[in-house]
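Following: one structure in structure tokens, then a few remarks.
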Amino acid sequence: MRNSSADPSPGSRILGVGAYRPARRVTNAEVAGPIDSSDEWIRRRSGIVSRRFAGEGETVVAMAVEASVKALAQAGVAPEQVDVVVLATMSHLNPVPAAAPQVSHLIGTRGAAAFDLDAACSGFCHALAVADALIRTGGARHVVVAGSERMTDLLDPADRGTAFIFGDGAGAVVLGPAAQPGIGPVVWGSDGSQHELITLDRPWDDVRSRPAPWPTMRMAGPEVFRWATGTVPELCRRALTVAGVDVTELAAFVPHQANGRIVDATAKALGLSEHTVVARHVEELGNTSAASIPLALDDLLARGLVPSGGYALLAGFGAGLTQAALVAQLP
Ligand code: UT7
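Each residue of the sequence shown is one higher than the one before, starting from 888 at the first, in our numbering.
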């Protein structure tokens, strides 16, 4: 039996990045009312200044399509060349069917394989690792890796622990074969014993068996904060070691945009060089879960802040609990 359908490649690399930010910008003042908070508190505790909330028609599928089409254009890859579409999402509310096949259809692939991947806020790094492995083992030559979230569908505007943090949006990259590895080995893991730290406030079964309110997210913020700041730096150090990249060689550090204080704490713990650009897109977009890393990458590239070919350290962490980090070469 042959062990691959395409020619295996020595490596893969990001060829293009795209993003979609919903039209409606929502200020801290707007979300603060129902949670008895303030612009000042939200900025101080999270670094967030605004976020985008998706409106009608800005669905998980539609936003992923917009981001993917832009990423393909930047990559110079035709939709017909795409073999696989991996969509990282935790907010596609319909389990049947998955969202990725519609994304694949709407971006114009020739029936590319397509599947959703749910590893919450670390989903994009998981999806990137899967796509890289597919290209290296000959399962695919070009893969669209998207993260798309409509977190507002899971939010209770009156919940103090989540209402001001999360936002909506999508980001995508196109991965293709490369003579040298442009994606470092992934370092990842999970701790299901802590699954209750970020969860819905009631199971969907409740809605089935009796009239019950729509399930919404709850987060034990301080516990998750401590876990993230305690474990992400070491995860990042291991990702650098397995990639053979020294911290001084990093052009960019792009952690999941959960909270500006987590970004700052992890950046400080890593002892980054002054020339390493740290993504702080959380200020503008809040926490967009699986979409936050490609959105932040798109922002850094669009503003010309990072060099083509430079190394970016990507690190995702979130519900599950799950985490994943890897080094990626910038397109
Ligand atoms: O993306 C997946 C992973 N998620 C994360 O990584 C998020 C991690 N957690 C966090 O980012 C932070 O925990 C939050 C931003 C969610 C909260 O910040 P915090 O500094 O952990 O706040 P806290 O919950 O410890 O609350 C501090 C104080 C408390 O008052 P006292 O007890 O000090 O008097 C709260 O009652 O702030 C109060 N408080 C609020 N005040 C105004 C809590 N929530 C609010 C609020 N507005 N929304």
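For each residue, glycine too, the CB sits at the ideal point set by N, CA and C.
As assigned by DSSP and simplified to three states, the class of Phe1011:
Walking along the sequence shown from the start, residue 1011 turns up at place 124. Correct three-state label for Phe1011: helix.
Are at least three pairs of beta-carbons, each pair with one atom in the stretch 994–1002 and one in the stretch 1086–1097, less than 8 Å apart?
Between the stretch 994–1002 and the stretch 1086–1097 there are fewer than three C-beta pairs closer than 8 Å, too few to call the two in contact.
Nearest-angstrom Cβ-Cβ length linking Arg938 and Val964, presumed shorter than 8 Å
Position 51 of the sequence shown, counted from the first residue, corresponds to residue 938. Position 77 of the sequence shown, counted from the first residue, corresponds to residue 964. That pair is no contact at about 31 Å.
Alpha carbon to alpha carbon, how far is Phe1053 from Arg1113?
For the purposes of this step, residue 1053 is taken as the residue at position 166 of the sequence shown. For the purposes of this step, residue 1113 is taken as the residue at position 226 of the sequence shown. Approximately 19 Å, taken between the alpha carbons.
Option in Leu1208, Ala986, Val947 with minimal Cα separation from Glu1083
Within the sequence shown, residue 1083 is the residue found at index 196, counting from 1. Ranking the options by Cα distance to Glu1083, first place goes to Leu1208.
Does DSSP put Trp1075 in a helix, a strand or coil?
Position 188 of the sequence shown holds residue 1075. Reduced to three states, the DSSP call for Trp1075 is strand.
Where DSSP assigns a beta bridge to Gln1216, which residues make up the other side?
Within the sequence shown, residue 1216 is the residue found at index 329, counting from 1. According to DSSP, Gln1216 bridges with Tyr1198.
What residue range does the alpha helix (DSSP H) around Thr1116 cover?
The residue labelled residue 1116 in the question sits at position 229 within the sequence shown. 1108–1130 is the span of the alpha helix (DSSP H), which, as asked, contains Thr1116.
Rounded to whole angstroms, what's the CA-CA distance from Val956 to Thr996? Just pull it up for me.
Counting from one through the sequence shown, the residue named residue 956 turns up at place 69. Counting from one through the sequence shown, the residue named residue 996 turns up at place 109. In this structure, the straight-line span from the alpha carbon of Val956 to that of Thr996 is close to 11 Å.
Quick check: is any heavy atom of the ligand UT7 less than 7 Å from the C-beta of Ile922?
Indexing the sequence shown from 1 puts residue 922 at position 35. True, at least one ligand heavy atom lies under 7 Å from that Cβ.
Give the DSSP-derived three-state secondary structure of Asn981 in the structure shown.
The residue labelled residue 981 in the question sits at position 94 within the sequence shown. In this structure, Asn981 counts as coil in the three-state DSSP scheme.
If Gly1034 sits next to Ile1180, beta carbons under 8 Å apart, how far is it from one beta carbon to the other, in whole angstroms?
Here residue 1034 refers to the residue found at position 147 when the sequence shown is read from its first residue. Here residue 1180 refers to the residue found at position 293 when the sequence shown is read from its first residue. About 7 Å; that satisfies the 8 Å criterion.
Using 8 Å as the threshold, is the C-beta distance between Val838 and Gly1058 below it?
The shown model of the chain, from 888 to 1218, leaves out residue 838, and the question about it has no answer.
Length of the line joining the Cα atoms of Ile1022 and Leu1201
Sequence index remark: in the sequence shown, residue 1022 carries index 135 (1-based). Sequence index remark: in the sequence shown, residue 1201 carries index 314 (1-based). Computed Cα separation, rounded: 19 Å.
Sorted by chain position, which residues of the same chain lie with C-beta nearer than 8 Å to Gly1196's C-beta, five sequence neighbours on each side aside?
Taking the first residue of the sequence shown as 1, we reach residue 1196 at position 309. The beta carbon of Gly1196 lies closer than 8 Å to those of Gln1216, Leu1217 in the same chain, with the five residues before and after it left out.
Among Val1141, Ala1145, Asp1088, Glu1136, which residue has its Cα nearest to the Cα of Ala1221?
In the structure as shown, the chain starts at 888 and stops at 1218, and residue 1221 therefore has no counterpart that could be examined.
Burial state of Asn981, where buried means 16 or more other Cβ atoms lie within 10 Å
Here the question's residue 981 lines up with position 94 in the sequence shown. By the neighbour-count rule (16 or more Cβ atoms within 10 Å), Asn981 is not buried but exposed.
Any contact between the stretch 1155–1166 and the stretch 895–902? By contact I mean 3 or more CB pairs, one from each, below 8 Å.
no
Should Glu1036 and Gly1056 be called a contact, given that it needs their Cβ atoms to be closer than 8 Å?
Taking the first residue of the sequence shown as 1, we reach residue 1036 at position 149. Taking the first residue of the sequence shown as 1, we reach residue 1056 at position 169. Yes. Within cutoff.
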